[in-house]
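Trainee: Can you keep this structure in mind? I'll have questions shortly.
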Amino acid sequence: MKADLAAALPNAVVAEFITEVMTHESLQRYAKASGDLNPLHLDPAFARQAGFDDVIVHGMLGMAALGRLLTEHFPASTIRTFNARFGAIIPVNRALHCRALLDQRGDTLLTLTLEARIAGTDTIAVSGNASIALGASD
Amino acid sequence: MAIDRRHLGYTLPTFDVTVEPERLAEFAAAIGADAGSGLAPPTFMKAIEGEHGSSRAILEALNVDLRRVLHAEQQFDYLVPIVAGERLSVSRSVTDLYEKKNGVMEFIVIESVISKQDGSIAGRSRQVVLVRHPVTATAA
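Protein chains in written order, with the numbering used here: chain A, 27 to 164; chain B, 3 to 142.
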């Protein structure tokens, strides 16, 4: 699927998807694959000591979902910058509703505003932006 | 306990990481991405820079309690794509320390540079870590 950019106006949603539910197993798999073994994401007792009800999702797993949204529409080699702010914790056993909105389309660079809401809520857990080089492959 | 400002500029010894194809595929699977392209997913730089427990090593060097830490912000700049099989060098430093809300919230900025073997920079990463300090109880 290619994001429909030709006719898009600023702030138009150009791509979106909802992730799978992020379970304890998802977090264990991400911890192993990423090397981020912080027990906040793996050990419920530790998470409670830190003030949470259960383990929380790695912020980077939320950012990775936004990254998927990018690479499903643009070759990874054309991404120039990708930034995220983790505004709210993501509880375990939730999905993320990821959206990319058009910011600006220049001659050589496309900029997008990104957000990941906890699915079914208004809570924006990850907000960010990305810039994409528009080149021969576009 | 506030972070000692003498840690500003703390730099880990540079280390090398080989991007094993299996590791790249495992990472792609863990984030639900298609592993077919052989190109690293955009957030894979975080896994590269975190090799050898380097993120925890920085926090421990700064005497930070892991229970008080949250990831606040993350930025990536991409210069040359990272591909399966190559060897990369990683250098990481603490480039800023600041506080908000009278020190209840402290922030650690860690910047990483990921280089190829020919010395060219593949990408840069800038992470902001939030340290949540307990509000000091006043005497009853």
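We put the beta carbon where it would ideally sit given N, CA and C, even for glycine.
Would the beta-carbon of B/Arg134 fall within 7 Å of that of B/Arg58?
Mentor: no
Trainee: Quick one: what does DSSP say B/Ser91 is sitting in, helix, strand or coil?
Mentor: strand
Trainee: According to DSSP, is B/Arg134 helix, strand or coil?
Mentor: strand
Trainee: Secondary structure at A/Phe112, three-state DSSP: helix, strand or coil?
Mentor: In the three-state reduction of the DSSP assignment, A/Phe112 falls in the strand class, which pools E and B.
Trainee: Straight-line CA distance for A/Val81 to B/Val66?
Mentor: 20 Å
Trainee: Strictly below 8 Å CB to CB, what residues from chain B border A/Ser60?
Mentor: Phe29, Ala32, Lys48, Ala49 and Gly52
Trainee: Determine the closest residue to A/Leu136 out of A/Gly85, A/Asp69, A/Asp62 and A/Thr104, with distance taken between C-alpha atoms.
Mentor: Nearest of A/Gly85, A/Asp69, A/Asp62 and A/Thr104 to A/Leu136, Cα basis: A/Thr104.
Trainee: Based on DSSP bridge pairs, tell me the residues matched to B/Gln129.
Mentor: Among the bridge pairs identified by DSSP, B/Gln129 is matched with B/Gln76 and B/Ile112.
Trainee: Starting from the C-beta of A/Leu122, find all residues in its chain whose C-beta is less than 8 Å away, skip the five residues before and the five after it, and write them out in chain order.
Mentor: Ile44, Thr45, Met48, Gly88, Ala91, Ile116, Ala142, Arg143, Ile144, Ala145, Ala151 and Val152
Trainee: Helix, strand or coil for A/Ala42? Go by DSSP, reduced to three states.
Mentor: Looking at the sequence itself, residue 42 of chain A is Glu, so the reference to Ala does not match. The answer is strand: DSSP assigns A/Glu42 an E or B state.
Trainee: What are the boundary residues of the alpha helix (DSSP H) that B/Leu26 is part of?
Mentor: Taken as a continuous stretch (DSSP letters only), the alpha helix (DSSP H) holding B/Leu26 covers Pro23 to Ala32.
Trainee: Enumerate, from N- to C-terminal direction, the unbroken beta strand (DSSP E) stretches of 3 or more residues contained entirely within the segment 63-144 of chain A.
Mentor: 105-112, 122-131 and 135-144
Trainee: I think B/Phe78 touches A/Phe108, with their Cβ atoms under 8 Å apart; what is that distance to the nearest whole Å?
Mentor: 5 Å
Trainee: Nearest chain B C-beta to A/Phe112 closer than 7 Å, yes or no?
Mentor: yes
Trainee: Grab me the residues of B/Gly106's own chain with a C-beta within less than 7 Å of its C-beta, minus the 5 sequence neighbours each way, in chain order.
Mentor: Rather than Gly, the amino acid found at residue 106 of chain B in this sequence is Val. His135 and Val137, listed in sequence order.
Trainee: Could you check which residue in A/Thr147, A/Leu140, A/Phe72 and A/Asp69 has the C-alpha nearest to that of A/Asn37?
Mentor: A/Leu140
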